[in-house]
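**Q** Chains as they are written, first to last, in my numbering: chain D, 330 to 520; chain F, 330 to 520.
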DNA sequence: AAATATAATGAACAGTGTTTAGTAAATTAT
DNA sequence: ATAATTTACTAAACACTGTTCATTATATTT
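#1: Kindly indicate which three-state DSSP category residue 442(D) falls into: helix, strand or coil?
#2: Between which two residues does the alpha helix (DSSP H) harbouring residue 389(D) extend?
#3: Residues of chain F with CB closer than 7 Å to the CB of residue 480(D), please, in chain order.
#4: Counting only beta-carbon separations shorter than 7 Å, does residue 380(D) have a partner in chain F?
#5: Given a limit of 8 Å on CB to CB distance, which residues of the segment 454 to 473 of chain F reach chain D?
#6: Counting only Cβ-Cβ distances shorter than 7 Å, please list the residues of the segment 397 to 416 of chain F near chain D, keeping chain order.
#7: For residue 361(F), which three-state DSSP category applies?
#8: Could you check which residue in 396(D), 372(D), 421(D), 411(D) has the C-alpha nearest to that of residue 384(D)?
#9: Any contact between the segment 381 to 398 of chain F and the segment 340 to 348 of chain F? By contact I mean 3 or more CB pairs, one from each, below 8 Å.
#10: So, does the CB of residue 281(D) fall closer than 7 Å to a CB anywhere in chain F?
#11: Any beta carbon from chain F within less than 7 Å of residue 492(D)'s own beta carbon?
#12: Between the Cα of residue 449(F) and the Cα atoms of 389(F), 474(F), 358(F), which residue gives the shortest distance?
#13: Decide yes or no for the touch test of the segment 436 to 450 of chain D against the segment 486 to 500 of chain F: beta carbon pairs closer than 8 Å, at least 3 of them.
#14: Keeping to the same chain, check which residues put their C-beta closer than 8 Å to that of residue 470(F); ignore five residues upstream and five downstream.
#15: Classify residue 403(D) as helix, strand or coil using the three-state DSSP reduction.
#16: When Cβ atoms are compared, which residues of the segment 355 to 366 of chain D fall closer than 8 Å to chain F?
#17: Please classify residue 508(D): is it buried, with 16 or more other beta-carbons within 10 angstroms of its beta-carbon, or exposed?
#18: Verify the CB distance criterion: does residue 450(D) have a CB-CB separation below 7 Å to chain F?
#19: Go through its chain and collect everything with a Cβ distance to residue 457(D)'s Cβ below 8 Å, but skip five positions before and after it.
#20: From residue 518(F) to residue 460(D), what does the alpha carbon distance come to, in whole angstroms?
#21: Within the 7 Å Cβ cut-off, does residue 504(D) reach chain F?
#22: To which residues of the same chain is residue 486(D) closer than 7 Å at the C-beta, ignoring the five residues directly before and after it?
#23: Report yes if the CB atom of residue 356(D) is closer than 7 Å to the CB atom of residue 366(D), and no otherwise.
#24: So which of 392(F), 463(F), 400(F), 377(F) has the shortest CA-CA distance to residue 451(F)?
#25: Going by C-alpha distance, which of 375(D), 358(D), 352(D) is nearest residue 364(D)?
#26: Would residue 433(F) pass as a contact of residue 492(D) if the rule is Cβ separation under 7 Å?
#27: Give me the Cα-Cα distance between residue 484(D) and residue 360(D), rounded to the nearest whole angstrom.
#28: Hey, is residue 428(F)'s beta-carbon within less than 7 Å of any beta-carbon in chain D?
#29: Using the Cα positions of residue 464(D) and residue 490(D), report the straight-line distance between them to the nearest angstrom.
#30: Show which residues of chain D have a CB atom less than 9 Å away from the CB atom of residue 495(F).
#31: For the segment 330 to 348 of chain F, which residues have a beta carbon sitting closer than 7 Å to at least one beta carbon of chain D?
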């Protein structure tokens, strides 16, 4: 039953977005009463946290996708592109993972560590360390550089998802965002 | 009256955060009925859009604060630091400006251009063009670089505000974020 | 003074997340 | 086989949110 709820929630969330996905909507979709949801999930935040975890499973495939690339720097660049591609192909999943407050509130109540975020971030740090070992980023602090790289791609996605590139014409927004990524790549190349 | 509503809304929003600020709460604070709010604002989104505009007035002081710095590159670096400082000193204002969906929805209904965002972004672009004219960022595309720089600082703020640096110990989060900014500055210095 | 405009409201509507006492069905114990 | 217990589910209600609208009181104009 828990599975059914999650599948319905995911479907509605992807179709309608976060704000339009209600407990009642999910209950109606699975043809149960709203109170039934609470037999399986403590509250809505917990439900969204479960979806957040599932989104990370999907997202992890991005890392798998680039794993075959032998050169660490090439892998990093491709990962950056794949990160943006994933975010724009799955905006709702990206919101669940990195923007919505609900999942992190659920985690905070539990006083649990954010294992999904930690493991993905550590993978990024290790990749950047690998690049450095291969001769890139001379003299850079891996931790700082990792944060900077993540912040940049995350910022690009966020600016787009939360509609903060509307100062540009519609036909120019994508190229502006991609241009930001290109600029990052160029800087990393010349580091 | 419109002023009173805005002041109350701002106060409650800063005190309680976005999710806890309701039309009824504002109405109670000014001792009027909730329906009165709608005599002055079309809906909640419009109210939040008005606050969004006020937040930009505050934010613009960040630019004024660095304007006296003669060297454009120094000005840019200081602006970056002030950007983060502003965001962390005024998280709710930053949310209104750059994260919440409500203000942009109000703008979209109106089919208006995002003048606040545009003017601030253009100021950034001009500052970066000025740096380039002074000899920095050789060969860089100003538009791309501007987007990249904004995305980075915005990403850093967003990671913090939306609690996505909880994979780090609490006593290390600030230094990780600041480290990301330091990394950006270092890269800009060596560009 | 009468007519009109303005400012404000009580009540209600539609919707949201959540809780709880109760019920029906399934399972276990006697 | 019957009684007791457990499990799965729900109808109803609560507290709250954003919003609308017919109505009323007050101010202004004719």
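Glycine included, C-beta positions come from ideal geometry on N, C-alpha and C. Remember, it's a predicted structure, so these values are computed and weren't measured experimentally.
**A** With the structure as the only source:
#1: Within the first chain, the letter at position 113 stands for residue 442(D). DSSP places residue 442(D) in coil when its eight states are reduced to three.
#2: In the first chain, the residue the question calls residue 389(D) occupies position 60. For residue 389(D), the enclosing alpha helix (DSSP H) begins and ends at 373 to 395.
#3: Counting from one through the first chain, the residue named residue 480(D) turns up at place 151. For residue 480(D), the chain F residues whose Cβ falls inside 7 Å of its Cβ are 481, 484, 485, 488, 509, in order along the chain.
#4: The sequence position of residue 380(D) within the first chain is 51, counting from 1. Taking Cβ atoms only, chain F never reaches closer than 7 Å to residue 380(D), which makes this a no.
#5: Answer in chain order: 469, 470, 472, 473.
#6: Residues of the segment 397 to 416 of chain F with a Cβ closer than 7 Å to any Cβ of chain D: none.
#7: Translated into positions along the second chain, residue 361(F) becomes position 32. Looking at residue 361(F) - three-state DSSP - the assignment turns out to be coil, as it is neither helix nor strand.
#8: Along the first chain, read from residue 1 onward, the residue named residue 384(D) stands at position 55. Restricting attention to 396(D), 372(D), 421(D), 411(D), the CA atom closest to the CA of residue 384(D) is found in 421(D).
#9: Taking 8 Å as the limit for Cβ pairs, the verdict is that the segment 340 to 348 of chain F does not touch the segment 381 to 398 of chain F.
#10: Since the first residue of chain D shown is 330 and the last is 520, residue 281(D) is not available in this structure.
#11: Residue mapping note: residue 492(D) aligns to position 163 of the first chain, counting from 1. Interface residue, yes.
#12: Position 120 of the second chain holds residue 449(F). The residue with the shortest Cα to Cα distance from residue 449(F) is 389(F).
#13: Verdict: yes, contact present.
#14: Sequence index remark: in the second chain, residue 470(F) carries index 141 (1-based). Cβ neighbours of residue 470(F) beyond the five flanking positions: none.
#15: Within the first chain, numbered from 1, the residue matching residue 403(D) stands at position 74. When DSSP states are grouped into helix, strand and coil, residue 403(D) belongs to the helix group.
#16: The residues in question: there are none.
#17: Along the first chain, one-based indexing puts residue 508(D) at 179. Around the beta-carbon of residue 508(D), 16 or more other beta-carbon atoms lie within 10 Å, marking it buried.
#18: Within the first chain, numbered from 1, the residue matching residue 450(D) stands at position 121. The C-beta of residue 450(D) comes closer than 7 Å to at least one C-beta of chain F.
#19: Counted from its first residue, the first chain places residue 457(D) at position 128. The residues are 405, 466, 471, 474, 475, 478.
#20: As a position in the second chain, residue 518(F) is number 189, starting the count at 1. As a position in the first chain, residue 460(D) is number 131, starting the count at 1. Roughly 21 Å between the two C-alpha positions.
#21: Translated into the one-based positions of the first chain, residue 504(D) becomes position 175. Taking Cβ atoms only, chain F never reaches closer than 7 Å to residue 504(D), which makes this a no.
#22: Residue mapping note: residue 486(D) aligns to position 157 of the first chain, counting from 1. When the five nearest sequence neighbours on each side are left out, the beta carbons in the same chain lying within less than 7 Å of the beta carbon of residue 486(D) are those of 413, 416, 423, in order along the chain.
#23: For the purposes of this step, residue 356(D) is taken as residue 27 along the first chain, with counting starting at 1. For the purposes of this step, residue 366(D) is taken as residue 37 along the first chain, with counting starting at 1. In contact: residue 356(D) and residue 366(D) (Cβ atoms closer than 7 Å).
#24: Residue numbering aside, residue 451(F) sits at position 122 when the second chain is read from its first letter. Answer by Cα proximity: 392(F).
#25: Translated into the one-based positions of the first chain, residue 364(D) becomes position 35. The shortest Cα separation from residue 364(D) among 375(D), 358(D), 352(D) belongs to 352(D).
#26: Your numbering for residue 433(F) matches position 104 in the second chain. Your numbering for residue 492(D) matches position 163 in the first chain. For residue 433(F) and residue 492(D), yes; Cβs fall inside 7 Å.
#27: Locating residue 484(D) in the first chain gives position 155, where the first residue counts as 1. Locating residue 360(D) in the first chain gives position 31, where the first residue counts as 1. One C-alpha to the other measures close to 40 Å.
#28: In the second chain, counting from the first residue as 1, residue 428(F) sits at position 99. Interface residue, yes.
#29: By one-based count along the first chain, residue 464(D) stands at place 135. By one-based count along the first chain, residue 490(D) stands at place 161. Per the coordinates, the alpha-carbon of residue 464(D) lies some 35 Å from the alpha-carbon of residue 490(D).
#30: Numbered from its first residue, the second chain carries residue 495(F) at position 166. In chain order: 433, 436, 437, 442, 443, 446, 447.
#31: Close to chain D, meaning a Cβ-Cβ distance shorter than 7 Å, is no residue of the segment 330 to 348 of chain F at all.
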